[in-house]
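Q: Provided herewith is a single structure, encoded as structure tokens, for subsequent inquiry.
There are 2 protein chains.
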Amino acid sequence: MTTGGKLRSSKQRDRILELLRATDEHPTAAWIYDQLKAEFPRLSLGNVYRNLHILVEQGAIEKIEGGSTFDRYEAVGTPHCHLVCESCDAIVDLELPMSAVEELTERLNENGPYRATRARLEFYGLCESCVAEEQD
Amino acid sequence: MTTGGKLRSSKQRDRILELLRATDEHPTAAWIYDQLKAEFPRLSLGNVYRNLHILVEQGAIEKIEGGSTFDRYEAVGTPHCHLVCESCDAIVDLELPMSAVEELTERLNENGPYRATRARLEFYGLCESCVAEEQD
DNA sequence: TAGTTAATAGGAATCATTCCTATTCTTAAG
DNA sequence: CTTAAGAATAGGAATGATTCCTATTAACTA
Ligand SMILES: [Mn+2]
Ligand SMILES: [Mn+2]
Ligand SMILES: [Zn+2]
Ligand SMILES: [Zn+2]
Numbered sequence: 001m002t003t004g005g006k007l008r009s010s011k012q013r014d015r016i017l018e019l020l021r022a023t024d025e026h027p028t029a030a031w032i033y034d035q036l037k038a039e040f041p042r043l044s045l046g047n048v049y050r051n052l053h054i055l056v057e058q059g060a061i062e063k064i065e066g067g068s069t070f071d072r073y074e075a076v077g078t079p080h081c082h083l084v085c086e087s088c089d090a091i092v093d094l095e096l097p098m099s100a101v102e103e104l105t106e107r108l109n110e111n112g113p114y115r116a117t118r119a120r121l122e123f124y125g126l127c128e129s130c131v132a133e134e135q136d
Numbered sequence: 137m138t139t140g141g142k143l144r145s146s147k148q149r150d151r152i153l154e155l156l157r158a159t160d161e162h163p164t165a166a167w168i169y170d171q172l173k174a175e176f177p178r179l180s181l182g183n184v185y186r187n188l189h190i191l192v193e194q195g196a197i198e199k200i201e202g203g204s205t206f207d208r209y210e211a212v213g214t215p216h217c218h219l220v221c222e223s224c225d226a227i228v229d230l231e232l233p234m235s236a237v238e239e240l241t242e243r244l245n246e247n248g249p250y251r252a253t254r255a256r257l258e259f260y261g262l263c264e265s266c267v268a269e270e271q272d
């Protein structure tokens with residue numbers, strides 16, 4: 001719907017991507033909107049969503065669904081998995097090796113009748129600060 | 137909010153759980169509602185949601201978020217992972233071994249400052265019928 | 001510089017999910 | 001068996017993230 005034709009450059013979209021590349025906080029559309037509305041006084045939330053969608057289709061960012069009522073986004077970089085804190089809803093990047101997941105993906109594509117292009121591994125539990133708080 | 141006190145039995149909730157245990161289709165709340173409204177003519181969608189929530193808190197079922205705009209549910213059983221079809225939105229159970237994921241979970245809990253209670257592994261791509269359709 | 005067309009702002013609309021409350025059912029006394 | 005207490009439900013309103021629509025603005029091109 002949005003892609004297919006030639007994309008024109010857009011300062012807003014460029015800044016959204018820059019923001020996502022500069023943080024490891026897995027922001028929401030509303031957070032991005034808040035960050036940029038000083039810089040673009042006429043920015044609209046709908047346009048943030050539209051550009052996030054375009055960036056996802058371009059493969060520059062990924063949408064992270066689940067864990068809460070709103071979606072989060074992150075720039076595409078080194079493959080990694082996440083810990084979703086069930087207490088404070090934080091999403092933390094993990095540095096676990098992804099080789100096991102890659103092997104499973106290959107195995108799935110070899111044997112099965114499916115075609116998997118990517119995998120997502122998430123752990124659910126408590127983040128560092130919430131583990132600490134648990135000892136009262 | 138709902139749990140904590142003693143739960144009373146409920147025919148509706150029992151049937152919801154039965155339905156989820158009898159299918160591998162990862163149904164939505166609306167689908168469950170459609171299935172049961174003949175049996176319970178006065179059933180309300182809100183009550184389906186309320187009971188799904190209770191069943192999740194009881195650990196009898198799991199909510200599957202992501203892949204589409206509505207949540208899906210499945211009965212808790214043998215641990216497995218899913219293939220999410222990006223073409224038709226189907227969610228397919230996979231029989232890949234989960235040992236690698238269990239090892240990663242242990243590893244995470246040993247070294248890191250986190251506490252992970254469960255993991256979720258999902259593959260994204262094409263389901264069997266959508267792979268077949270691709271050869272036109 | 002003017003024309004063409006994509007990108008945007010603003011706001012309405014969507015829709016899955018949650019929330020609220022009067023009513024109905026379940027259960028355990030009496 | 002009858003009844004009182006309170007849990008579960010139905011129905012519908014409310015919520016809120018996301019999408020959709022359209023007039024306006026801005027970027028590229030000739
Ligand atoms: Mn991340
Ligand atoms: Mn499943
Ligand atoms: Zn936390
Ligand atoms: Zn499919």
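Those protein sequence lines, which keep their order, are chains A and B. Just so we're aligned: the first sequence equals residues 1 to 136 in our numbering. Just so we're aligned: the second sequence equals residues 137 to 272 in our numbering. Where a beta carbon is used, it is the ideal one built from N, C-alpha and C, also for glycine. As the structure is a computational prediction, the values presented were derived from the model and not from experiment.
1) With DSSP as the reference, label Thr2(A) as helix, strand or coil.
2) State buried or exposed for Phe259(B), treating a residue as buried only when at least 16 other CB atoms are found within 10 Å of its CB.
3) Please identify the residue among Arg149(B), Arg256(B) and Glu238(B) whose C-alpha is closest to the C-alpha of Asn187(B).
4) Closer than 8 Å, CB to CB, is Thr241(B) near chain A or not?
5) Please list, in chain order, the residues of the segment 239-267 of chain B that have any C-beta partner in chain A closer than 7 Å.
6) Which residues in chain B have a C-beta closer than 7 Å to the C-beta of Gly66(A)? List them in chain order.
7) At a cut-off of 7 Å, is Leu262(B) close to ligand 4 when judged by its beta-carbon and the heavy atoms of the ligand?
8) Which residues of chain B have a Cβ atom closer than 7 Å to the Cβ of Ala75(A), listed in chain order?
9) Would you mind telling me which residues of chain B sit closer than 8 Å to Ala100(A), beta carbon to beta carbon, in chain order?
10) Is the beta carbon of Glu95(A) less than 8 Å from the beta carbon of His80(A)?
11) Can you pull the chain A neighbours of Leu232(B), defined as C-beta to C-beta under 7 Å?
12) Across the segment 25-39 of chain A and the segment 58-73 of chain A, are there enough close Cβ pairs to call them in contact, namely three or more that are closer than 8 Å?
13) Work out the CA separation of Cys266(B) and Leu108(A) for me, nearest whole Å.
14) With DSSP run on the structure shown, which of helix, strand or coil describes Tyr250(B)?
15) Whose Cβ in chain B lies nearer than 7 Å to the Cβ of Leu83(A)?
16) Using the rule of at least 16 other Cβ atoms within 10 Å of the residue's Cβ for burial, across every protein chain shown, is Thr117(A) buried or exposed?
17) For ligand 2, is there a heavy atom less than 7 Å away from the beta-carbon of Asp225(B)?
18) To which residues does DSSP link Leu126(A) through a beta bridge?
19) Residues in its own chain within less than 7 Å of Gly140(B) by CB, not counting five upstream and five downstream?
20) Rounded to a whole number of angstroms, what is the C-alpha to C-alpha distance between Gly261(B) and Pro113(A)?
21) Can you tell which of Ile200(B), Leu181(B) and Val237(B) has the C-alpha that lies nearest to the C-alpha of Ile168(B)?
22) Grouping DSSP H, G and I as helix and E and B as strand, with all else coil, what is Asp160(B)?
A: On the basis of the coordinates in this document:
1) Position 2 of the first sequence, counted from the first residue, corresponds to residue 2(A). With a pLDDT of 36 at Thr2(A), under the threshold of 50, the modelled position of that residue is not reliable, and no figure is offered here.
2) Here residue 259(B) corresponds to residue number 123 of the second sequence, with the count starting at 1. Phe259(B) comes out buried.
3) Residue 187(B) sits at position 51 when you count from the first residue of the second sequence. Of the listed residues, the one whose Cα sits closest to Asn187(B) is Arg149(B).
4) For this step, residue 241(B) is matched to residue 105 along the second sequence. Yes, Thr241(B) counts as interfacial toward chain A.
5) Listed by position, the residues of the segment 239-267 of chain B near chain A (Cβ gap below 7 Å) are Leu240, Thr241, Arg243, Leu244, Pro249, Tyr250, Arg251, Ala252, Thr253, Arg254, Ala255, Arg256, Leu257, Glu258, Phe259, Tyr260, Gly261, Leu262, Cys263, Glu264 and Val267.
6) If you number the first sequence from 1, residue 66(A) lands on position 66. Neighbours of Gly66(A) on chain B, chain order: Glu201 and Gly202.
7) Taking the second sequence and counting its residues from 1, one reaches residue 262(B) at position 126. Using a cutoff of 7 Å, the CB of Leu262(B) counts as near ligand 4, since one of the ligand's heavy atoms is closer than that.
8) Locating residue 75(A) in the first sequence gives position 75, where the first residue counts as 1. In chain order: nothing, as chain B lies at least about 18 Å away.
9) Reading the first sequence from its first residue, position 100 is the one you call residue 100(A). Within 8 Å Cβ-Cβ: Ala236, Val237, Glu239 and Leu240.
10) Translated into positions along the first sequence, residue 95(A) becomes position 95. Translated into positions along the first sequence, residue 80(A) becomes position 80. Yes, Cβ-Cβ distance for Glu95(A) and His80(A) is below 8 Å.
11) Here residue 232(B) refers to the residue found at position 96 when the second sequence is read from its first residue. Per Cβ cutoff of 7 Å: Leu104, Arg107 and Leu108.
12) Contact between the segment 25-39 of chain A and the segment 58-73 of chain A is present, because at least three Cβ pairs lie under 8 Å.
13) Residue numbering aside, residue 108(A) sits at position 108 when the first sequence is read from its first letter. Residue numbering aside, residue 266(B) sits at position 130 when the second sequence is read from its first letter. In a straight line, the C-alpha of Leu108(A) is about 16 Å away from that of Cys266(B).
14) Your numbering for residue 250(B) matches position 114 in the second sequence. Tyr250(B): coil per DSSP, three-state reduction.
15) Residue mapping note: residue 83(A) aligns to position 83 of the first sequence, counting from 1. The answer, in chain order, is Tyr250 and Ala252.
16) Position 117 of the first sequence, counting from 1, holds the residue named residue 117(A). Exposed: under 16 other Cβ atoms inside 10 Å.
17) As a working mapping, residue 225(B) is identified with position 89 in the second sequence. For ligand 2, not one heavy atom lies less than 7 Å from the Cβ of Asp225(B).
18) Along the first sequence, read from residue 1 onward, the residue named residue 126(A) stands at position 126. DSSP, once it has assigned bridges, lists Arg251(B) as partnering Leu126(A).
19) Start at 1 with the first residue of the second sequence, and residue 140(B) comes out as number 4. Residue confidence for Gly140(B) is low, a pLDDT of 44 falling below 50, so the modelled location carries little weight; the figure read from the coordinates is stated next. Excluding sequence positions up to five before and after Gly140(B), its CB lies less than 7 Å from no other CB in the same chain.
20) Taking the second sequence and counting its residues from 1, the one referred to as residue 261(B) is at position 125. Taking the first sequence and counting its residues from 1, the one referred to as residue 113(A) is at position 113. C-alpha separation (whole angstroms): 11 Å.
21) Locating residue 168(B) in the second sequence gives position 32, where the first residue counts as 1. Nearest C-alpha to Ile168(B) among Ile200(B), Leu181(B) and Val237(B): Leu181(B).
22) Taking the second sequence and counting its residues from 1, the one referred to as residue 160(B) is at position 24. In this structure, Asp160(B) counts as coil in the three-state DSSP scheme.
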